[in-house]
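Heads up: the structure comes next, in structure tokens.
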Amino acid sequence: MARLIIMGGGVSGHTAASFAKKWLGNEHEVVVVTPNSLWNWIPSNIFVGIGEMTKEDVTFPLAPVYKKAGIDYRQAKAVSVHPEGKTEDDTPFITIEYTGQGKEGQAEELTYDYLINATGPKLNFDATPGLGDGKGHLGEHTVSVCTADHAVHASLELKALAEKMKAGEKKRILVGLGHGMCTCQGAAFEYIFNVDHYLKQEGVRDKATITYISNEYELGDFGVGGMHIKSGGYVTSGKVFAESLYTERGIRWITRAHVNKVEADKVHYETLDGEMHEEAYDFAMLIPPFAGAGLTATAKDGSDMSSVIFAPNTMMKVDADYESGARGFENWSPNDWPSTLQNPTYKNIFAVGIAFAPPHFISKPMSSPNGTAINPTPPRTGMPSAMMGKAVAASICDMIKGVSDTPTHTANMAEMGAACVASTGKGLLNGTAVSMTMYPVVPDYNKYEYGRDLNGTFGTIGLAGHWVKLLLHYGFIWKAKLKPGWTLIPE
Amino acid sequence: MKHIEQYEQSGYTPVSGKFTLFLRNCVIWQIIQFAWINLKMTILIVKSHH
């Protein structure tokens with residue numbers, strides 16, 4: 289019997305665990321180690337953040353789902369990886385520290401035959417002074433929609449703000465990215481439109497100025513270098529598409545910005561030209577930068593070997609070309625990106641989603657004359673991360689069953705697409721959405737004139753996208769609960 | 003209602019005309035769009051799995 293351990297129970301980890309257990313059956317063991325007791329459909333946190341959904345609408349307890357599936361669930365955080373085992377025993381293992389199940393604070397060693405790192409991001413609020421509380425958590429000045437609890441807090445703050453506006457006060461709302469090296473622009477993009485929608489519903493939109501602040505070079509970059517779509521007889525940049533959306537909603541935007549300090553009523557930011565600015569606010573939702581989960585690796589003799597399997601940001605090294613970053617933006621290639629997501633040193637270790645270390649940015653690296661890096665980091669959430677989870681699970685199952693000694697499936701971001709639906713409203717007829725797809729995520733200018741397949745890259749606005757978003761919400765929660773037919777819902 | 007401000011950001015961006023705005027909420031047109039978006043996404047998913 290082989291044991292597969294998956295560290296992390298988010299979109300990629302849960303997908304990997306679910307499929308691995310289905311394919312391996314009871315002959316082998318699948319263990320999930322995650323510090324959370326609830327699974328969270330993170331894309332719908334946006335709706336929680338304006339009070340249109342509750343925390344219960346976007347989360348569910350993991351324990352009963354894993355019990356039904358036969359997956360060994362440990363509510364614990366992974367602390368360290370020991371890929372060579374101990375002096376007296378070569379069996380690799382990880383150390384965990386329980387956060388629930390009545391064993392809070394207890395440490396344990398879990399041996400493995402195969403290991404998937406799906407730990408997701410550490411929300412690095414403290415990277416920007418004032419954005420965090422100095423202890424790694426969200427600070428007191430701004431709100432976030434990165435977790436369901438954060439989103440509940442955001443909705444309460446927004447509701448209180450709306451009440452003041454109903455009393456005649458004018459308010460300044462700031463939504464965007466809280467650091468020059470953030471990813472996940474899509475979340476801020478969707479939240480700002482939902483705030484606009486909420487304030488219109490409350491009848492106080494005219495009392496608010498709404499501003500978007502981003503580290504993107506232009507609107508529509510999204511950390512993937514932007515995209516081109518066919519529209520009205522033109523092949524046009526997504527920048528035009530995005531700016532149109534903001535203009536139609538009366539939302540002002542600030543781009544090329546690194547927020548370097550957050551205070552109670554204003555943010556300080558530096559722009560690519562090196563100038564320093566301030567933006568006052570009464571309500572701010574700022575996404576933090578992401579970092580690795582902070583795992584360490586230990587050698588057989590007890591020495592630290594984290595640099596062997598982790599990049600400096602503690603994201604895990606996989607089969608990417610990590611030398612390619614130094615070759616410069618003009619020389620980057622789709623081949624730089626990992627395919628099997630297998631660690632090059634320890635072939636029984638894989639990493640998926642945010643947990644794998646990308647070889648370089650997708651957007652062009654830029655910095656101000658002061659040396660401040662201001663550009664989005666590559667997005668690896670949502671649809672691509674689920675695809676990675678499934679592909680890695682398939683490879684490992686084939687390796688366990690003896691079908692192959694090497695990974696049999698790939699999930700290369702230069703060969704996969706992504707869909708993003710930014711929706712406002714919850715009702716069937718009173719919502720609207722921006723639906724976008726791109727193929728591939730990492731542009732390939734040797735293969736496609738505009739970097740991507742124009743037939744697979746498109747954007748449209750309307751009620752239909754809103755229906756798609758609702759379908760995704762209910763469909764993916766159904767799938768994640770492993771209810772009948774869950775395998776038929778594609779990731 | 004004034005949609006743009008000259009010499010401001012909004013003065014240089016395209017905005018939707020009345021017919022486009024109508025289509026965004028026209029249920030019949032959006033049902034067709036719904037099918038189209040789902041087809042596009044399905045093709046995308048099929049092409050992405052390796």
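Sequence lines, in order, name chains A and B.
Residue numbers for the first sequence, in this note's numbering: 289 to 779.
Residue numbers for the second sequence, in this note's numbering: 3 to 52.
Quick reminder that beta carbons are idealized off the backbone N, C-alpha and C, glycines included.
- Which residues in chain A sit within 9 Å of F21/B, going by Cβ to Cβ distance? By Cβ distance, chain A contributes nothing, its closest Cβ being about 12 Å from F21/B, past 9 Å.
- Message: For the pair the segment 496–511 of chain A and the segment 459–468 of chain A, tell me if three or more CB-CB distances fall below 8 Å.
- Response: Yes, since at least three Cβ pairs between the segment 496–511 of chain A and the segment 459–468 of chain A fall closer than 8 Å, the two stretches touch.
- Item | Among W327/A, A752/A and G474/A, nearest to T720/A - alpha-carbon criterion | A752/A
- Straight-line gap, I749/A to I45/B (C-alpha atoms, nearest Å): 20 Å
- Does any residue of chain E bring its CB to less than 8 Å from the CB of Q8/B? The chain labelled as chain E is not found among the protein chains of the depicted structure, namely A and B.
- Message: I need the straight-line Cα distance from H438/A to S432/A, nearest angstrom please.
- Response: Approximately 5 Å between the Cα atoms of the pair.
- In the segment 660–712 of chain A, which residue ranges form an unbroken alpha helix (DSSP H) of at least 4 residues, counting only runs that do not cross its ends? 671–688
- E558/A lies in the beta strand (DSSP E); which residues open and close that run? K554 to T559
- Query: Counting Cβ pairs, one atom from each stretch, are 3 or more of them under 8 Å apart for the segment 390–410 of chain A and the segment 543–555 of chain A?
  - Reply: As far as the Cβ criterion goes, the segment 390–410 of chain A does not touch the segment 543–555 of chain A, which means the pair count is below three.
- Query: Does the beta-carbon distance from G514/A to G508/A come in below 8 Å?
  - Reply: yes
- Option in E611/A, T602/A and S594/A with minimal Cα separation from G580/A: T602/A
- Message: Could you check whether the Cβ of L25/B sits closer than 8 Å to any Cβ belonging to chain A?
- Response: yes
- Query: Roughly how many whole angstroms lie between the Cα atoms of T272/A and G474/A?
  - Reply: Coverage of chain A is limited to positions 289 through 779, which leaves residue 272/A absent and any answer about it impossible.
- Message: Whole angstroms are fine: how far does the CA of A351/A sit from the CA of L326/A?
- Response: 8 Å
- Query: Within 7 Å: the Cβ of M676/A and any heavy atom of the ligand HEM?
  - Reply: Here there are no bound small molecules, and the ligand HEM is not part of this structure.
- Distance, Cα to Cα, E451/A vs S595/A? 52 Å
- Message: So, at 6 Å on beta carbons, what are the nonlocal neighbours of F335/A in its own chain, with the 5 sequence-adjacent residues on each side left out?
- Response: M341
- Given a limit of 8 Å on CB to CB distance, which residues of the segment 499–526 of chain A reach chain B? none
- Query: If you draw a straight line from the C-alpha of Y610/A to the C-alpha of S627/A, how long is it?
  - Reply: 13 Å
- Message: In the DSSP output, which residue or residues are listed as bridge partners for N405/A?
- Response: M295/A and A639/A
- Item | Beta-carbon proximity check, K605/A vs A614/A, cutoff 8 Å | no
- Message: I'd like the span of the beta strand (DSSP E) that includes V463/A, first residue to last.
- Response: Element bounds for V463/A: K459 to L465.
- Message: Rounded to the nearest angstrom, what separates L717/A and G511/A at their Cα positions?
- Response: 32 Å
- Item | Contact set for A699/A: own chain, Cβ-Cβ below 6 Å, skip 5 residues either direction | Around A699/A: M675, M676 and A679.
- D377/A: first and last residue of the uninterrupted beta strand (DSSP E) it sits in: Here D377/A belongs to no beta strand (DSSP E), and DSSP marks it neither H nor E.
- Item | Three-state secondary structure assigned by DSSP to P731/A | coil
- Closest by CA to D686/A, which one among I294/A, N548/A, D592/A and A308/A? Here the closest residue by C-alpha is A308/A.
- For P622/A, which of helix, strand or coil comes out of DSSP? In the structure shown, P622/A sits in a helix (DSSP, three-state: H, G or I).
- Message: Are the CB atoms of A645/A and W625/A within a distance shorter than 8 Å?
- Response: no
- Task: Mind checking which residues open and close the beta strand (DSSP E) that includes E737/A?
- Result: Taken as a continuous stretch (DSSP letters only), E737/A belongs to no beta strand (DSSP E), as it is neither H nor E.
- Message: Going by DSSP in three states, Q489/A sits in which element: helix, strand or coil?
- Response: Looking at Q489/A - three-state DSSP - the assignment turns out to be helix.
- Message: Mapping the DSSP letters down to three states, classify Y386/A as helix, strand or coil.
- Response: strand
- Residues, ordered as in the chain, of the segment 687–699 of chain A that lie near chain B by beta-carbon distance below 8 Å: Correct list: H697, T698 and A699.
- Is the CB of L46/B under 8 Å away from at least one CB in chain A? yes
- Query: Ordered along the chain, which non-local residues of its own chain (more than five positions away) have a Cβ less than 6 Å from that of L742/A?
  - Reply: So the qualifying residues of the chain are K518.
- Query: Of all the CB atoms in chain B, is at least one closer than 8 Å to the CB of A710/A?
  - Reply: no
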